[in-house]
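Participant: Pasting a structure here, questions to come.
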Amino acid sequence: MFDFSNFLNLPLIFGCVVALAIFMYVFLDGFDLGIGILFPFAPSDECRSKMMNSVAPFWDGNETWLVMGGAALFAAFPLAYSIIMPAFYIPIIMMLLGLIFRGVAFEFRFKTESKKEQKIWDYSFHFGSLIATFFQGILLGGFIQGIKVENKVFTGGTWDWFNGFSMMTGIALTFGYALIGSAWLIMKTHDKTQKWARSAAFYLLFIVAFFIILTSVWTPFLNDKIFIRWFMEPNIYYLLIIPILTLLTFVSLFKSLIDKKETKPFLMVICLFVLCYFGLAVSLFPYAVPYQLLFGEAAAASTSLSFLFVGVALILPIILCYTCFSYHVFRGKSSHEHMY
Amino acid sequence: MFFDPILLARIQFAFTISFHIIFPAFTIGLAGYLSCVEALYLKTKNPIYKEIYKFWIKIFAIIFGMGVVSGVVLSYQIGTNWSGFSYKTGNVLGPLLGFEVLTAFFLEASFLGIMLFGWNRVSDKLHFVSTVIVAIGTLISAFWILAANSWMHTPQGYFITDGIFYPSNWLEIIFNPSFLYRFSHMVVATYLTTAFVVCGVSAWFLWRKKSTEHAKVMFKMALFFIAIFIPLQIFIGDLQGLNTLKYQPVKVAAMEGIWETEKGAALTVFGIPDEKSESTKYAIKIPKLASLILTHDAEGEIRGLKSWAKEDRPPVVPIFFAFRVMIGIGFAMLLTAVVALILNFRKKLFDVKWFQFWCMLMTPSGFIALLAGWFVTEIGRQPFLVYGLLRTKDVASVISYEQVLFSLVSFVLVYFVIFGAATFYILRLIGKGVGKIG
Chain V
18 MFDFSNFLNL PLIFGCVVAL AIFMYVFLDG FDLGIGILFP FAPSDECRSK
68 MMNSVAPFWD GNETWLVMGG AALFAAFPLA YSIIMPAFYI PIIMMLLGLI
118 FRGVAFEFRF KTESKKEQKI WDYSFHFGSL IATFFQGILL GGFIQGIKVE
168 NKVFTGGTWD WFNGFSMMTG IALTFGYALI GSAWLIMKTH DKTQKWARSA
218 AFYLLFIVAF FIILTSVWTP FLNDKIFIRW FMEPNIYYLL IIPILTLLTF
268 VSLFKSLIDK KETKPFLMVI CLFVLCYFGL AVSLFPYAVP YQLLFGEAAA
318 ASTSLSFLFV GVALILPIIL CYTCFSYHVF RGKSSHEHMY
Chain L
52 MFFDPILLAR IQFAFTISFH IIFPAFTIGL AGYLSCVEAL YLKTKNPIYK
102 EIYKFWIKIF AIIFGMGVVS GVVLSYQIGT NWSGFSYKTG NVLGPLLGFE
152 VLTAFFLEAS FLGIMLFGWN RVSDKLHFVS TVIVAIGTLI SAFWILAANS
202 WMHTPQGYFI TDGIFYPSNW LEIIFNPSFL YRFSHMVVAT YLTTAFVVCG
252 VSAWFLWRKK STEHAKVMFK MALFFIAIFI PLQIFIGDLQ GLNTLKYQPV
302 KVAAMEGIWE TEKGAALTVF GIPDEKSEST KYAIKIPKLA SLILTHDAEG
352 EIRGLKSWAK EDRPPVVPIF FAFRVMIGIG FAMLLTAVVA LILNFRKKLF
402 DVKWFQFWCM LMTPSGFIAL LAGWFVTEIG RQPFLVYGLL RTKDVASVIS
452 YEQVLFSLVS FVLVYFVIFG AATFYILRLI GKGVGKIG
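Sequence order for the protein chains is V and L. For the working numbering, count along the first sequence from 1 and bump the result up by 17. For the working numbering, count along the second sequence from 1 and bump the result up by 51.
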């Protein structure tokens, strides 16, 4: 029976693993869902087919990071998992329902034989993506605000997550995913679709900037702990780098759109997501369940973490390799034709 | 009280997981079948195999997608509705599910993309490798989930402190007493399920004289698989029965509707178990046969349901009937194989209309048997989630019944709509027949 807890801080490592899995999900499924959100605004059905084809080989693998996040949370922090899941019952169910409609739309849209039939799955794809994203945003907002816990059990109410801040984060995430979706399309399409994606990205850039500022200003006022962490000296001098880098990223993104660069916008949006994620981590560290349970308290047994650690350390790099390989196979611009 | 949140949570889990299992039941087998077909194509260069591949891959994509979206639901449902269970068993079951995601899900998902969309972008060999990798991925997935599920039936390698389960030996946890039987029984079940679908669809093609050339190839392949797997399945099933008798005897008693402990127990072919009177009414029995089958000894002792306290017994009626459905279908499958062998020997395999009709009827048989078997094993474990150690009713999430009612109704509605659409598209694809390429 192996136990690495003597020389590895396993809860910290797994905190990073869960955070990584969630980040991978957000940026990978972010552009899949973003494309769904943008779907009805595309100039033509042919554009829509190109949009879908650009992500069709990847959506399944991308969504798997969501399963990874949930499984990693369950395995590494079962106490946190057992509290967070019921705390956000309705948003999670709504997200799952949205993901169902988004997922099947990929398969069914390719099989349709009339424009009318295709429209059904266009709606399924769009609204599924929209609902899944919005409720993910709500979950985020609720999580930042904190969860009521007593005696290791969730004791809050059914609607704790339903408030202004969560609605705002829901909308913010929707625009955020739309932005990364448009950046992906700039990379993977050309002509009419790319032109439209680029103009969408321009608008979205400013909207997302607005929401990032709003969230950043609002969050410290939600909880004294966060306020102190950000604004106390000398923290504020170190943490100032995050807003500065964010501003620089926005400027760089804007410039890359003006210069009609193809890959740079996508990379810049990823940087933006990383910075926002970092900001969140600063606010929430070291809570597994804000603001009641530290991740050390919520962690699984060290023997469980050790066993899983072997798996994660060996297999995660392999996963990243073949995922990159898969993206490499489908490099280049997407077409609008049926592919199988 | 119908609006008991725990009952609603149970119904929801039973519904969502029954729904979900139908899809891997098909994709595990179909991925294996597609690997064989593509291997034959690469070896013989006969376009007929590529055409068969391209026919089934469209159906495979739909089923796989349904499996993914219904599977994501389950991974979160353990937390949303069974938080007590998540917390108490997370140390043991969490890593197993974590390994399933790491070693199987990512593998299947990534290479599925190449399988579906990569024809013109990778070499034929690499495409074949992708198909095989997906097939292996599905088996790895089955390995981990059956290890986790089997542990819930025959737990070992753990210790309990303050009501929380802790692992003490991972090999014992994974290779728990019932695992190998349940894993092999399930995998063979999925191959049989797929074989009967391929068999039924190609029977329909023969019946309608559509895509006849392909139909003959598929029909023969499917029946060949069936002829090998059904006897194997019956053998594995028997071994599993012996294992269940050893570790979960109350389940066997419920399966057989045996209330009194007895030696040389009779097999109740049919009857209606009655929990109130603790007897099986209108029983049609064959003397000594239950003992003979279950213990391989005509005078073997079978413990009756009454020897357990009422609160430790599972619901008898669903288990009793589901078991008979599964066994009945098993024998129908065996009959199919026997008839196929005879017809093949007589060189009339493709010419007998009533056999084609029979095969068409048998198309969903694997799914029904599989579901029935799962009902037997899972309901048979009740009232426990971890057999003998953790009761289902004690570990549900403490949430309002309105929430669970909302999610239950939503899932039922959405699943029926989506499943209806999937069935419609699959039937339409089948109706088109196998397309020609060259």
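Where is the CB? At the ideal position from N, CA and C, for every residue including glycine.
Give the secondary structure of PRO365(L) by DSSP, where H, G and I count as helix, E and B as strand, and everything else as coil.
Facilitator: In the second sequence, residue 365(L) corresponds to position 314, counting from 1. Of the three classes helix, strand and coil, the one that applies to PRO365(L) here is coil, per DSSP.
Participant: I'd like to know whether the C-beta of GLY188(L) is nearer than 9 Å to at least one C-beta of chain V.
Facilitator: Along the second sequence, read from residue 1 onward, the residue named residue 188(L) stands at position 137. GLY188(L) does not count as touching chain V.
Participant: Less than 9 Å separating the beta-carbons of ARG119(V) and ALA149(V)?
Facilitator: Translated into the one-based positions of the first sequence, residue 119(V) becomes position 102. Translated into the one-based positions of the first sequence, residue 149(V) becomes position 132. Yes. Within cutoff.
Participant: In whole angstroms, what separates the C-alpha of PHE326(V) from that of ILE279(L)?
Facilitator: Here the question's residue 326(V) lines up with position 309 in the first sequence. Here the question's residue 279(L) lines up with position 228 in the second sequence. About 41 Å.
Participant: Span of the beta strand (DSSP E) holding TYR308(V)?
Facilitator: Residue numbering aside, residue 308(V) sits at position 291 when the first sequence is read from its first letter. Segment: none, TYR308(V) is in no beta strand (DSSP E) and carries neither H nor E.
Participant: Straight-line CA distance for LEU50(V) to ASP402(L)?
Facilitator: The sequence position of residue 50(V) within the first sequence is 33, counting from 1. The sequence position of residue 402(L) within the second sequence is 351, counting from 1. In a straight line, the C-alpha of LEU50(V) is about 51 Å away from that of ASP402(L).
Participant: Could you name the residues that DSSP lists as bridge partners for ARG442(L)?
Facilitator: On the second sequence, position 391 is the one that residue 442(L) refers to. In DSSP, ARG442(L) forms a bridge with PHE435(L).
Participant: Identify the residues that DSSP records as bridge partners of THR212(L): which are they?
Facilitator: In the second sequence, residue 212(L) corresponds to position 161, counting from 1. Its beta-bridge partners are ILE215(L).
Participant: Is the distance from the Cβ of PHE115(L) to the Cβ of GLU159(L) below 9 Å?
Facilitator: Here residue 115(L) corresponds to residue number 64 of the second sequence, with the count starting at 1. Here residue 159(L) corresponds to residue number 108 of the second sequence, with the count starting at 1. Cβ distance < 9 Å, so PHE115(L) and GLU159(L) count as in contact.
Participant: Is the beta carbon of SER448(L) closer than 9 Å to that of SER134(L)?
Facilitator: Counting from 1 along the second sequence, the entry for residue 134(L) is found at position 83. Counting from 1 along the second sequence, the entry for residue 448(L) is found at position 397. Contact: yes.
Participant: What number of angstroms, rounded off, separates the C-alpha of TYR127(L) from the C-alpha of LEU83(V)?
Facilitator: Locating residue 127(L) in the second sequence gives position 76, counting from the first residue. Locating residue 83(V) in the first sequence gives position 66, counting from the first residue. Those two C-alpha atoms are separated by around 10 Å.
Participant: I'd like the span of the beta strand (DSSP E) that includes GLY349(V), first residue to last.
Facilitator: The residue you call residue 349(V) lines up with position 332 of the first sequence. GLY349(V) -> no beta strand (DSSP E), and no H or E assigned at all.
Participant: Please report the straight-line C-alpha distance between THR175(V) and ILE107(V), rounded to a whole angstrom.
Facilitator: Along the first sequence, one-based indexing puts residue 175(V) at 158. Along the first sequence, one-based indexing puts residue 107(V) at 90. The straight-line gap from Cα to Cα measures roughly 8 Å.
Participant: Determine the contact status of PRO95(V) and THR140(L), defining contact as a CB-CB distance below 9 Å.
Facilitator: Counting from one through the first sequence, the residue named residue 95(V) turns up at place 78. Counting from one through the second sequence, the residue named residue 140(L) turns up at place 89. Taking 9 Å as the Cβ cut-off, PRO95(V) and THR140(L) qualify as a contacting pair.
Participant: Does DSSP put GLU352(L) in a helix, in a strand, or in coil?
Facilitator: For the purposes of this step, residue 352(L) is identified with residue 301 of the second sequence, where counting begins at 1. Three-state result, GLU352(L): strand.
Participant: Name, in chain order, the residues that DSSP records as bridge partners for VAL170(V).
Facilitator: Position 153 of the first sequence, counted from the first residue, corresponds to residue 170(V). Answer by DSSP bridge pairing, in chain order: GLU167(V).
Participant: ASP325(L) bridges to which residues according to DSSP?
Facilitator: Start at 1 with the first residue of the second sequence, and residue 325(L) comes out as number 274. Its beta-bridge partners are SER330(L).
Participant: What span of residues does the alpha helix (DSSP H) with ASP208(V) cover, start to end?
Facilitator: The residue labelled residue 208(V) in the question sits at position 191 within the first sequence. Here the alpha helix (DSSP H) through ASP208(V) covers 208 to 235.
Participant: List the endpoints of the continuous alpha helix (DSSP H) containing LEU27(V).
Facilitator: Within the first sequence, residue 27(V) is the residue found at index 10, counting from 1. Taken as a continuous stretch (DSSP letters only), the alpha helix (DSSP H) holding LEU27(V) covers 27 to 55.
Participant: With distances taken between CB atoms, is the gap from PHE218(L) to PHE324(V) smaller than 9 Å?
Facilitator: Walking along the second sequence from the start, residue 218(L) turns up at place 167. Walking along the first sequence from the start, residue 324(V) turns up at place 307. A small fix is needed here, since residue 218(L) is Pro in this sequence, not Phe. Against a cut-off of 9 Å, the Cβ pair of PHE324(V) and PRO218(L) comes out as a contact.
Participant: I'd like the list of long-range same chain contacts for GLU89(L), defined as Cβ closer than 6 Å, with 5 residues on each side in sequence excluded.
Facilitator: Here residue 89(L) corresponds to residue number 38 of the second sequence, with the count starting at 1. Excluding sequence neighbours, GLU89(L) sits near TYR104, PHE179, THR182.
Participant: Is VAL239(L) close to chain V? Criterion is C-beta to C-beta, closer than 9 Å.
Facilitator: By 1-based counting over the second sequence, the position of residue 239(L) is 188. It does not: the Cβ of VAL239(L) has no partner Cβ on chain V nearer than 9 Å.
Participant: Grouping DSSP H, G and I as helix and E and B as strand, with all else coil, what is THR295(L)?
Facilitator: Here the question's residue 295(L) lines up with position 244 in the second sequence. Here THR295(L) sits in helix by DSSP.
Participant: LEU243(L) and ILE187(L) look like a contact to me (Cβ under 8 Å); what is the Cβ gap, rounded to whole Å?
Facilitator: Counting from 1 along the second sequence, the entry for residue 243(L) is found at position 192. Counting from 1 along the second sequence, the entry for residue 187(L) is found at position 136. The pair is not a contact, with the Cβ atoms about 19 Å apart (cut-off 8 Å).
Participant: Using the Cα positions of ILE336(V) and PHE406(L), report the straight-line distance between them to the nearest angstrom.
Facilitator: Locating residue 336(V) in the first sequence gives position 319, where the first residue counts as 1. Locating residue 406(L) in the second sequence gives position 355, where the first residue counts as 1. C-alpha separation (whole angstroms): 47 Å.
Participant: Mind checking which residues open and close the alpha helix (DSSP H) that includes ASP139(V)?
Facilitator: Position 122 of the first sequence holds residue 139(V). Counting along the chain, the alpha helix (DSSP H) containing ASP139(V) begins and ends at 132 to 162.
Participant: State the Cα-Cα distance for the pair GLY296(V) and VAL268(V), rounded to the nearest angstrom.
Facilitator: Locating residue 296(V) in the first sequence gives position 279, where the first residue counts as 1. Locating residue 268(V) in the first sequence gives position 251, where the first residue counts as 1. Cα to Cα, GLY296(V) sits roughly 19 Å from VAL268(V).
Participant: Quick one: residues in its chain with C-beta nearer than 8 Å to the C-beta of VAL455(L), no 5 flanking neighbours on either side, listed in chain order?
Facilitator: Counting from one through the second sequence, the residue named residue 455(L) turns up at place 404. So the list reads PRO56, LEU59, ALA60, GLN63, ASN132, once near-sequence residues are dropped.
Participant: Measuring only the C-alpha atoms, how far is ASP139(V) from ALA73(V)?
Facilitator: Stepping through the first sequence from its first residue, residue 139(V) is reached at position 122. Stepping through the first sequence from its first residue, residue 73(V) is reached at position 56. If I take the Cα positions, the gap works out to 14 Å.
Participant: Whole angstroms is fine: what's the gap from GLY315(L)'s alpha carbon to ALA334(L)'s?
Facilitator: Position 264 of the second sequence holds residue 315(L). Position 283 of the second sequence holds residue 334(L). So the two alpha carbons sit approximately 16 Å from each other.
Participant: For a contact meaning CB atoms closer than 9 Å, what does PRO218(L) contact in chain V?
Facilitator: Here residue 218(L) refers to the residue found at position 167 when the second sequence is read from its first residue. Chain V residues near PRO218(L): MET18, ALA318, THR320, SER321, PHE324.
Participant: Decide if GLY489(L) is buried, meaning its Cβ has at least 16 other Cβ atoms within 10 Å, or exposed.
Facilitator: Within the second sequence, the letter at position 438 stands for residue 489(L). The pLDDT assigned to GLY489(L) is 48, lower than 50, so where the model puts this residue is not dependable; a value taken from the coordinates is nonetheless given after this. That one is exposed.
Participant: Going by CA-CA distance only, name the one from TYR98(V), PRO103(V), ILE117(V), ALA104(V) that's closest to VAL468(L).
Facilitator: To locate residue 468(L), count along the second sequence from 1; it is residue 417. Out of TYR98(V), PRO103(V), ILE117(V), ALA104(V), ILE117(V) has the C-alpha closest to the C-alpha of VAL468(L).
Participant: List, in chain order, every chain L residue whose beta-carbon is nearer than 7 Å to that of ALA305(V).
Facilitator: In the first sequence, the residue the question calls residue 305(V) occupies position 288. Chain L residues near ALA305(V): none, gap ~13 Å exceeds 7 Å.
Participant: If you count every other CB in all the chains shown that lies within 10 Å of the CB of ALA305(L), and 16 or more means buried, which is it?
Facilitator: Position 254 of the second sequence, counting from 1, holds the residue named residue 305(L). When all chains shown are included, ALA305(L) counts as buried.
Participant: Name the DSSP bridge partner or partners of ILE337(L)?
Facilitator: As a working note, residue 337(L) is residue 286 in the second sequence. In DSSP, ILE337(L) forms a bridge with LEU318(L).
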